[in-house]
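**Q**
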Amino acid sequence: TYRFREYTIQPDLRPEADPITSAMACKTCEESGPTAEEFEEGTAWAAKHLKANPDHLDYREIITRPYRFEAGAWQ
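Sequential numbering from 5 applies to the sequence shown in my numbering.
And the structure:
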């Protein structure tokens with residue numbers, strides 16, 4: 005006999021989940037700033053990096069968000 009179960013993946017919003025973090029990365033030289041929970045730290049790093057490298061105009065934000073599978077009813 006086999007029983008099947010559906011699972012749904014979704015962001016992990018539990019208090020014990022890892023925090024959502026982000027970092028900014030320069031697309032010109034691939035250097036990246038610190039990983040932090042506050043977005044302002046990434047934009048501050050990007051502004052500082054731009055001042056030191058005026059031709060580095062393109063950046064990307066790298067976001068790390070925890071996800072968790074939630075078990076559904078047994079079928």
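Idealized CB from N, CA, C, for every residue including glycine.
(1) For the candidate residues Thr39, Pro38 and Trp49, whose alpha-carbon lies nearest to that of His60?
(2) By Cβ distance below 8 Å, which residues in the same chain neighbour Glu45 in space, the five residues on each side in sequence not counted?
(3) Measuring from the CB of Asp59, is there a heavy atom of the ligand HEM at a distance below 7 Å?
(4) Identify every residue that forms a DSSP beta bridge with Thr25.
(5) Does the separation of the CB atoms of Ile24 and Ile66 fall below 8 Å?
(6) Pick from Glu10, Gly76, Gln79 and Arg72: whose alpha carbon is nearest that of Asp22?
(7) Where does the unbroken alpha helix (DSSP H) through Thr47 begin, and where does it stop?
**A** For this structure:
(1) If we check each option's Cα against that of His60, Trp49 comes out closest.
(2) Gly37 and Pro38
(3) This structure lacks the ligand HEM, and indeed carries no ligand of any kind.
(4) Thr68
(5) Contact annotation: Ile24 and Ile66 have beta-carbon atoms that are not nearer than 8 Å.
(6) In terms of CA proximity to Asp22, Arg72 leads the group Glu10, Gly76, Gln79 and Arg72.
(7) Taken as a continuous stretch (DSSP letters only), the alpha helix (DSSP H) holding Thr47 covers Phe43 to Ala56.
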